[in-house]
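Residue numbers (the working numbering): 21 to 354. The block underneath contains the structure these notes are about, expressed in structure tokens.
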């Protein structure tokens, strides 16, 4: 900017330059007064909103720009006017304030513009504030990049905790969940029950129909299990043809009921693989967490013993830990 002195032509030139900058700067600028009347709507806002400044100047922002979060934005403007202090909002708090399209909708990874927002007070010479400037920053590229990274990390995380065949939690992650629920119980003693089952004579299925057919059976069982349990329950593949579920807010009676219903559901199923029709059943064990168990491992052994009892006494049945004969010493049967 030139040194003006008292030359009115220089002042006009400087004003022209300022207006040119305001119109062409690569951020959105909107000035509104305390009644929300628009005093400035720069070229960035015109280009992306498709609303020319001539249609807005002197008019109410909220009555003429559709889709604004009116209550939220008014509160922000009132705060700036009252305190004469700027406020900011990031896209992570609110992805978009002005419903503007992305500058690269096809290659940029988003159809809408992610926005950071600053609202600054415009004070007069006497220190009063009756206007604010809303500054809109286009942060779509950075936001999309961060979201893609978060999504990639989430996918990697899910791969690390998910069994590839059944898409249930794998054994390592499921056991982490078991330990966590055991620790929670020690603090607040809410009801939680384990259900464990395996597919009866699964080796015979593999030997008779082949391992691909056995995999089809495992996928069918896991698919039914995911639909059957509640969102709060935690289901996992424990190993081979063995599955475990942590039934939240469920006592032993509820666990038995759930197990029996699932047993009957599986009993009614058939798996068609190529030209073969495969029928199968499951055996189940149930054990509610009680102070009897000193460790999560003890709890796990109890449900394992309950399952073993079902297998040893005819299969295709449910047995609960409190009702089967067992010694004071817990022993793993598998």
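Note that CB positions come from ideal geometry on N, CA and C, so glycine has one too.
Residue i, DSSP secondary structure in three states
i: residue 262; result: strand
i: residue 100; result: helix
i: residue 348; result: The pLDDT assigned to residue 348 is 44, lower than 50, so where the model puts this residue is not dependable; a value taken from the coordinates is nonetheless given after this. Reduced to three states, the DSSP call for residue 348 is coil.
i: residue 121; result: strand
i: residue 228; result: helix
i: residue 283; result: helix
i: residue 256; result: strand
i: residue 249; result: coil
i: residue 145; result: coil
i: residue 88; result: coil
i: residue 185; result: coil
i: residue 190; result: coil
i: residue 219; result: strand
i: residue 109; result: strand
i: residue 80; result: strand
i: residue 150; result: strand
One or two residues paired with residue i in a DSSP bridge
i: residue 308; result: 213
i: residue 290; result: 299
i: residue 136; result: 157
i: residue 60; result: 51
i: residue 338; result: 304
i: residue 320; result: Bridge partners of residue 320: none, in fact.
Distance between residue j and residue i (C-alpha atoms, nearest Å)
i: residue 342; j: residue 92; result: 57 Å
i: residue 250; j: residue 188; result: 14 Å
i: residue 104; j: residue 97; result: 10 Å
i: residue 314; j: residue 333; result: 28 Å
i: residue 266; j: residue 284; result: 19 Å
i: residue 164; j: residue 130; result: 7 Å
i: residue 410; j: residue 214; result: In the structure as shown, the chain starts at 21 and stops at 354, and residue 410 therefore has no counterpart that could be examined.
i: residue 153; j: residue 160; result: 21 Å
i: residue 12; j: residue 339; result: Summary: the structure shown does not reach residue 12, with the chain confined to residues 21 through 354, and so no result is reported for it.
i: residue 280; j: residue 109; result: 53 Å
### Query
Should the stretch 168-185 be regarded as contacting the stretch 57-66, the criterion being three or more beta carbon pairs within less than 8 Å?
no
### Query
Looking at C-beta atoms only, is the number of pairs between the stretch 313-330 and the stretch 286-299 that lie closer than 8 Å three or more?
no
### Query
So, do the stretch 237-251 and the stretch 193-213 have three or more beta carbon pairs nearer to each other than 8 Å?
no
### Task
Count the CB pairs spanning the stretch 72-88 and the stretch 112-122 that are closer than 8 Å, and state whether there are at least three.
yes
### Query
If we count Cβ pairs, one from each stretch, closer than 8 Å, do we get three or more for the stretch 299-315 versus the stretch 211-226?
yes
### Query
When the Cβ atoms of the stretch 227-246 are set against those of the stretch 255-271, are three or more pairs found closer than 8 Å?
yes
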